[in-house]
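Quick note on full-length UniProt numbering: the sequence shown kicks off at 1 and runs consecutively. The C-beta atom is built at its ideal place from N, Cα and C for all residues, glycine as well. Note sheet for the following structure.
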Amino acid sequence: MPLPLHIEADVNLKPYNTFGLPAVAKRLVRIREAADVRRVVDHPELGRAPKFVLGGGSNLVLTKDVDAVVLKVEITGIRLLEERDDAWIVEAGAGVVWHEFVTWTLDHGYPGLENMALIPGTVGAAPVQNIGAYGIEVKDRLEAVEVMDLVTGRPALLPAEVCRFGYRDSVFKHSDFGGLAGKSVITKVRFRLPKPWQPVLGYLEIERKMLDTGITAPDARQIYDWICAVRRAKLPDPAVIGNAGSFFKNPVVTAEQCRDIIGRDPGIVHYPMPDGSVKLAAGWMIDACGWKGKTVGGAAVYEKQALVLVNKADARGAEVVTLARAIQESVYGRFGIRLEPEPVVI
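Given below as structure tokens:
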């Protein structure tokens, strides 16, 4: 028998965003199964009210209280949906913690997500942001996304090709031109993990680990362990100091633009892309502008990694935004590049 819809009032959102920023949700509903979305849609008061979908809160900067109805997605469950000759199809509830899901796939013999170990957030948020790390993005492994329509309450299964994936971008981040932001809730995600498994190497940190250990043909578990170690060494644990991971996207420029910047700053870290464009290391540029360790109120640039902003001392969302804008202006002034934030600012 389904549980009744439980509506909570005046909920403190500080525990529900990894930055630990203060804000209050006037109304919050916990979505524990897809049918809960339909119940919200059919509700006489909530049905027509604006909605805000909240997953793990790891990609969020709260600057004010939230008037919209907060749908806190807590759908659990992981299963092998199908085994094909060329892939395993694994399905997970949108509320599953991403790193726990990656760990589960390896524990059960389904490799392919190890390069994205320890990325904060939930499974449902992963396709929204098209998360990625060390040569792999969600779009490379996604089979389909199960969503519930916030107007009709009807389910739909969206294959990867209609999700309009880009660099830290998808159809779920946009509300115009057929975008689904604010129009649907992701309830489950299906991943296609290819057989036979092939390691994705080539990143400097992985190459250093191979050199240090003498392991030239690491298996998936070894890569997972290495990446966890690298991330723990340079990124702060949100449970210890509030943050939203990488705050800015690494900008992508033309080869000509990159040559121009190298002419002025020969040491800039850059990565050639298959299409001829070049990805620049935003963290390097921020550090070069002298921001590492600088503060605005309770917000600060992390001392070990300039790409990460942290809640150092009871920061408010406005202080995080002020710091981020100052960094943007500084980087633009020196490099002519406008950094784009990754988190959603509310």
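Considering just the uninterrupted stretch of the alpha helix (DSSP H) at residue 203, what are its terminal residues?
Per DSSP, residue 203 belongs to no alpha helix (DSSP H) and is neither H nor E.
In three-state terms, what does DSSP make of residue 271?
In this structure, residue 271 counts as strand in the three-state DSSP scheme.
Decide yes or no for the touch test of the stretch 168 to 185 against the stretch 225 to 237: beta carbon pairs closer than 8 Å, at least 3 of them.
In this structure the stretch 168 to 185 does not lie against the stretch 225 to 237, because fewer than three pairs of beta carbons, one per stretch, are closer than 8 Å.
Is residue 183 helix, strand or coil by DSSP?
Secondary structure of residue 183 (DSSP, three-state): coil.
Excluding sequence positions up to five away, which residues of its chain have a Cβ less than 8 Å from the Cβ of residue 68?
If the five residues before and after residue 68 are omitted, its C-beta is found closer than 8 Å to the C-beta atoms of 49, 50, 51 and 52, all from its own chain and listed in chain order.
Given 8 Å as the limit, is there contact between the stretch 78 to 86 and the stretch 212 to 220, that is, 3 or more CB pairs closer than that?
With the cut-off at 8 Å, the stretch 78 to 86 and the stretch 212 to 220 do not touch.
Tell me whether residue 104 sits in a helix, a strand or coil according to DSSP, three-state version.
Helix.
How about residue 268: is its C-beta nearer than 8 Å to some C-beta of chain D?
No chain D appears in this structure, which consists of one protein chain only.
First through last residue of the alpha helix (DSSP H) which encompasses residue 226
For residue 226, the enclosing alpha helix (DSSP H) has its first and last residue at 220 to 234.
Does the distance from the CB of residue 101 to the CB of residue 128 come in under 8 Å?
No, they are not a contact pair.
Beta-carbon spacing of residue 62, residue 23 below 8 Å
In this structure, residue 23 lies closer than 8 Å to residue 62 by Cβ.
Under 8 Å between C-beta atoms of residue 73 and residue 153
Result no, Cβ atoms of residue 73 and residue 153 do not sit closer than 8 Å.
At a cut of 8 Å, does the stretch 88 to 95 reach the stretch 181 to 198 through at least three beta carbon pairs?
Touching, yes, given that three or more Cβ pairs across the two stretches are closer than 8 Å.
Which class does residue 414 belong to by DSSP, given the choice of helix, strand or coil?
For the chain, the structure presents residues 1 to 346; residue 414 sits outside this window and is missing.
Beta-carbon separation of residue 200 and residue 271 under 8 Å?
Contact: no.
Does the Cβ of residue 140 have 16 or more other Cβ atoms within 10 Å, making it buried, or fewer, making it exposed?
Buried is the call here.
In this structure, how does DSSP classify residue 347 when only helix, strand and coil are distinguished?
The question about residue 347 has no answer, for the chain in this structure spans 1 to 346.
Below 6 Å CB to CB, which residues in the same chain sit around residue 149 once its five sequence neighbours on both sides are set aside?
Answer for residue 149: 184, listed in chain order.
Under the assumption that residue 285 contacts residue 335 (Cβ atoms under 8 Å), give the Cβ distance between them as a whole number of angstroms.
6 Å between Cβ atoms; contact.
According to DSSP, what are the bridge partners of residue 79?
Its beta-bridge partners are 91.
Alpha carbon to alpha carbon, what distance is there between residue 95 and residue 273?
Just so you know, the alpha carbons of residue 273 and residue 95 end up roughly 33 Å apart.
Option nearest residue 71 by Cα separation, candidates 103, 33 and 104
Scanning 103, 33 and 104 for the CA closest to the CA of residue 71 turns up 33.
Identified DSSP bridge partners for residue 122
As DSSP reads the structure, residue 122 sits in a beta bridge with 97.
Under DSSP, the beta strand (DSSP E) around residue 28 begins and ends at which residues?
Per DSSP, the unbroken beta strand (DSSP E) holding residue 28 starts and ends at 24 to 31.
Spatially closest choice to residue 220 from 109, 28 and 93, by CA coordinates:
Ranked by Cα distance from residue 220, the options 109, 28 and 93 are led by 109.
With a cut-off of 8 Å on the beta carbons, I'd call residue 297 and residue 325 a contact; round off their distance for me.
About 13 Å separates the Cβ atoms of residue 297 and residue 325, ruling out a contact at the 8 Å cut-off.
Looking at residue 56: is its Cβ nearer than 8 Å to the Cβ of residue 120?
Cβ distance < 8 Å, so residue 56 and residue 120 count as in contact.
According to DSSP, residue 190 sits in a beta bridge with which residue or residues?
DSSP lists 91 and 144 as partners of residue 190.
Between which residues of its own chain and residue 262 is the CB-CB distance below 8 Å, once the five residues before and five after are set aside?
Excluding residues within five positions, the ones whose Cβ falls inside 8 Å are 268 and 270.
So, for residue 295: in the same chain, excluding its five sequence neighbours on each side, which residues have a beta-carbon less than 6 Å away from its beta-carbon?
Sequence-distant Cβ neighbours of residue 295 in its own chain, meaning closer than 6 Å and more than five residues away, do not exist here.
What separation, rounded to the nearest whole angstrom, lies between the Cα atoms of residue 231 and residue 41?
Approximately 40 Å between the Cα atoms of the pair.
7 Å CB neighbourhood of residue 106 in its chain, flanking five on each side removed
114, 220, 221 and 224, listed in sequence order.
Around the C-beta of residue 30, are 16 or more other C-beta atoms found within 10 angstroms, so that it is buried, or is it exposed?
Residue 30 should be labelled buried.
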